[in-house]
Amino acid sequence: GDSVTQTEGLVTLTEGLPVMLNCTYQTIYSNPFLFWYVQHLNESPRLLLKSFTDNKRTEHQGFHATLHKSSSSFHLQKSSAQLSDSALYYCALRYQGGRALIFGTGTTVSVSP
Amino acid sequence: NAGVIQTPRHKVTGKGQEATLWCEPISGHSAVFWYRQTIVQGLEFLTYFRNQAPIDDSGMPKERFSAQMPNQSHSTLKIQSTQPQDSAVYLCASSDRGSAETLYFGSGTRLTVL
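Order-wise, the sequence lines are chains G and P. End of the first sequence = 117 in my numbering, gap-free, step of one. End of the second sequence = 156 in my numbering, gap-free, step of one.
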């Protein structure tokens, strides 16, 4: 079945350094929609960015990701982490006409001064 | 726009008791989703409705969990004979269109089964 894999459970880094969160997916369908949701402490998840166009970079709030269908990946990147980026990040998959959004297990990002 | 409203925020039940969780989606949204969130499993899909009709309940534990959407303004998730492993945050989300739709989550109900 469809699945999303996030290899890092926890990422710790110092403010100002770049961050990359890995996301790979598995689906038999050729037109997947990929999403990143962010959840800050004591809040509910909210959409960070999304894409369904192959090899096109999507950006929002300093973060960016590119859907690569050839490698089934949708990694999230930011060039310079801020303290406020500390949160839980979920990668998620849906395909056109498909069932509900499938989430990965999430990556916790902890940014320190 | 008040967002997705979930009640209660916290619920504590004894083992074997019933728990009913409520969700009011954003007005005008056609789809309602239920997810369960735990530290170990992350966000697990339970079930969803579109235009009040049940579309997919593949994530629901069949024996004790049930969900309904009697009208467009609310949905309920009922857990019968609650067990300690049911302890989690139950999140409701709504969305307004298509497969590339954005899900808007409520604040969740934290269920604790003693």
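Beta carbons: idealized from backbone N, C-alpha and C, even for Gly.
**Asked** Cα-Cα, which of P/144, P/154 and P/44 is closest to residue 69 of chain P?
**Response** Within the second sequence, residue 69 of chain P is the residue found at index 27, counting from 1. When each option's Cα is compared against that of residue 69 of chain P, the closest is P/44.
**Message:** Along the chain, where does the beta strand (DSSP E) containing residue 73 of chain P start, and where does it finish?
**Reply:** If you number the second sequence from 1, residue 73 of chain P lands on position 31. Start and end: 73 to 80.
**Message:** I'd like the span of the beta strand (DSSP E) that includes residue 111 of chain G, first residue to last.
**Reply:** Numbered from its first residue, the first sequence carries residue 111 of chain G at position 107. First-last of the beta strand (DSSP E) with residue 111 of chain G: 111 to 116.
**Request:** Apply the 10 Å Cβ neighbour rule to residue 96 of chain G and answer buried if 16 or more other Cβ atoms are within range, or exposed otherwise.
**Result:** In the first sequence, counting from the first residue as 1, residue 96 of chain G sits at position 92. When all chains shown are included, residue 96 of chain G counts as buried.
**Asked** At least one CB of chain G closer than 8 angstroms to the CB of residue 153 of chain P: is that the case?
**Response** Numbered from 1 along the second sequence, position 111 holds the residue referred to as residue 153 of chain P. So, not an interface residue.
**Prompt:** Is the shortest distance between the beta-carbon of residue 149 of chain P and the beta-carbons of chain G less than 8 angstroms?
**Reply:** To locate residue 149 of chain P, count along the second sequence from 1; it is residue 107. By this cut-off, residue 149 of chain P is an interface position.
**Prompt:** Nearest-angstrom Cα distance between residue 46 of chain P and residue 149 of chain P?
**Reply:** Walking along the second sequence from the start, residue 46 of chain P turns up at place 4. Walking along the second sequence from the start, residue 149 of chain P turns up at place 107. Straight-line Cα distance between these residues: approximately 8 angstroms.
**Residues near residue 39 of chain G by beta carbon distance below 6 angstroms, same chain, minus five either side** = Here residue 39 of chain G is taken as the residue at index 35 of the first sequence, counted from 1. Contacts found: 54 and 96.
**Item:** Beta carbon proximity, residue 98 of chain P to chain A, threshold 8 angstroms
**Value:** No chain A is part of this structure, whose protein chains are labelled G and P.
**Test: residue 132 of chain P CB closer than 8 angstroms to a CB of chain G** = In the second sequence, the residue the question calls residue 132 of chain P occupies position 90. No, no contact with chain G.
**Item:** contact_flag[the segment 51 to 68 of chain P, the segment 60 to 71 of chain G] where n(CB pairs < 8 angstroms) is 3 or more
**Value:** no
**Prompt:** In chain P, what lies closer than 7 angstroms to residue 107 of chain G by C-beta?
**Reply:** Position 103 of the first sequence, counting from 1, holds the residue named residue 107 of chain G. Near residue 107 of chain G (Cβ distances below 7 angstroms), the residues of chain P are 84 and 85.
**Request:** With a threshold of 16 other CB atoms inside 10 Å of the CB of residue 110 of chain G, please say whether the residue is buried or exposed.
**Result:** The count along the first sequence starts at 1 and reaches residue 110 of chain G at position 106. Label assigned to residue 110 of chain G: buried.
**Message:** Going by C-alpha to C-alpha distance, which of G/21, G/41 and G/90 sits closest to residue 10 of chain G?
**Reply:** Along the first sequence, one-based indexing puts residue 10 of chain G at 6. Of the listed residues, the one whose Cα sits closest to residue 10 of chain G is G/41.
**Asked** Can you find a CB in chain G that lies within less than 8 angstroms of the CB of residue 145 of chain P?
**Response** To locate residue 145 of chain P, count along the second sequence from 1; it is residue 103. So yes, residue 145 of chain P belongs to the interface.
**Prompt:** With residue 6 of chain G and residue 31 of chain G assumed to form a contact (beta carbons below 8 angstroms), what rounded beta-carbon distance in angstroms separates them?
**Reply:** Working through the first sequence from its first residue, we reach residue 6 of chain G at position 2. Working through the first sequence from its first residue, we reach residue 31 of chain G at position 27. Their Cβ separation, rounded to whole angstroms, is 5 angstroms, which keeps residue 6 of chain G and residue 31 of chain G in contact under 8 angstroms.
**Asked** What residue does the beta strand (DSSP E) around residue 99 of chain P start on, and which one ends it?
**Response** In the second sequence, the residue the question calls residue 99 of chain P occupies position 57. Note, residue 99 of chain P: premise wrong, no beta strand (DSSP E); not H, not E.
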